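Participant: Here's a structure for you.
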Amino acid sequence: NVIANYTYVKDDHIYSTYGNIGSGRILSLGGYLQWAITRKTSFLLNANAAYNQYANESVSAQLSRWTATSYAQLTQRLPWKLTLGLTGYWYSGFISDAYSYSTPIKGSVYYNISLQRSFLKEDRLTVSIFALNPIGSSSQLSRQYFVNGDYTGYSDTKMMNTGKLAMLRIAYRFGSVNAQVKKTSKSISNDDIIGRKLE
């Protein structure tokens, strides 16, 4: 019982509209791993796989596909208080409804490299250099499929000069990370009963 768009062909024309005719089911499985390989090297992985099924019973349309995403990060501490980071992201595409889904043909992997160092007392000043997809092509090509019975069409979308970025980041931390709570020692002295004879 979800509102979904649907497409139909009539008199050699393709019509698209919306209605409360859709149903969707998703079975998803995710995993998270954090591993301290050595005292200076750590690895992080976050992955997800899902089975997506969409249907429009009014026109007997049904579409189901597997999709997956993954995110990984490798961190290495270097001499001179330097920290090197390598991060990667990958996706397999997505399904939007009972009539269309998309798959990446080129540019489904994104990665970045970062180098960071802290300065001053208590590492208050942090300077980092960040680069997104510094090597390789900057174009991205994806294909979206449109399914309607025995008819299947597709549309290609190509984006140029996307996904590249270089950045210098400077951050300064004010205050202290060590919070100290003052404690007062209290005692009770019953002066009114000192020297009194107790019965």
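Numbering (our numbering), first residue to last: 425 to 623.
Ideal Cβ placement from N, Cα and C applies to all residues, glycine included.
In this text the structure is predicted, and so the values were computed from the model without any measurement.
Among Lys530, Ser532, Gly443, Phe554, which one has its Cα closest to the Cα of Ser538?
Facilitator: Among Lys530, Ser532, Gly443, Phe554, the Cα nearest to that of Ser538 is on Phe554.
Participant: What's the gap between the Cα of Leu592 and the Cα of Ser440?
Facilitator: Distance between the alpha carbons of Leu592 and Ser440 is about 46 Å.
Participant: Report yes if the C-beta distance between Ser532 and Val571 is below 8 Å; otherwise report no.
Facilitator: Contact flag unset, no.
Participant: Locate the beta strand (DSSP E) running through Ser532, then write down its first and last residues.
Facilitator: Where Ser532 is concerned, there is no enclosing beta strand (DSSP E), given that its DSSP letter is neither H nor E.
Participant: Check whether the region 495 to 506 touches the region 455 to 474, counting contact only when three or more Cβ pairs, one atom from each stretch, lie closer than 8 Å.
Facilitator: Short answer: they touch.
Participant: Measuring alpha carbon to alpha carbon, tell me which of Ile445, Leu510, Gln540, Lys530 ends up nearest Ala485.
Facilitator: Ala485 has its Cα closest to that of Ile445, out of Ile445, Leu510, Gln540, Lys530.
Participant: Would you mind stating whether Ala522 and Ala473 have Cβ atoms separated by less than 8 Å?
Facilitator: No.
Participant: Looking at the strands, I want to know which residues DSSP matches up with Phe554.
Facilitator: In DSSP, Phe554 forms a bridge with Ser538, Met591.
Participant: With distances taken from CA atoms, which of Thr550, Lys588, Glu546, Asn557 is nearest Gly599?
Facilitator: Of Thr550, Lys588, Glu546, Asn557, the residue nearest in Cα terms is Glu546.
Participant: Which two residues bound the contiguous beta strand (DSSP E) that contains Trp459?
Facilitator: Start and end: 437 to 460.
Participant: Using the C-alpha atoms, what's the distance from Ile438 back to Asn429?
Facilitator: Taking the straight line joining both Cα atoms gives about 13 Å.
Participant: With distance defined between alpha-carbon atoms, name the residue in Ile529, Leu508, Gly509 nearest to Leu565.
Facilitator: Ranking Ile529, Leu508, Gly509 by Cα distance to Leu565 puts Ile529 first.
Participant: So the candidates are Ala590, Thr499, Tyr442; which of them puts its Cα closest to the Cα of Ile461?
Facilitator: Looking at the Cα atoms, Thr499 is the closest of the given residues.
Participant: Once the 5 residues before and after Leu589 are set aside, which same chain residues still bring their CB inside 6 Å of it?
Facilitator: Leu556.
Participant: To which residues of the same chain is Ile519 closer than 7 Å at the C-beta, ignoring the five residues directly before and after it?
Facilitator: Only Asn476, Tyr478, Leu487, Arg489, Thr491, Tyr525 meet the Cβ criterion.
Participant: Given a threshold of 16 other Cβ atoms within 10 Å of its Cβ, counted over all protein chains shown, does Gln540 qualify as buried or as exposed?
Facilitator: By the neighbour-count rule (16 or more Cβ atoms within 10 Å), Gln540 is buried.
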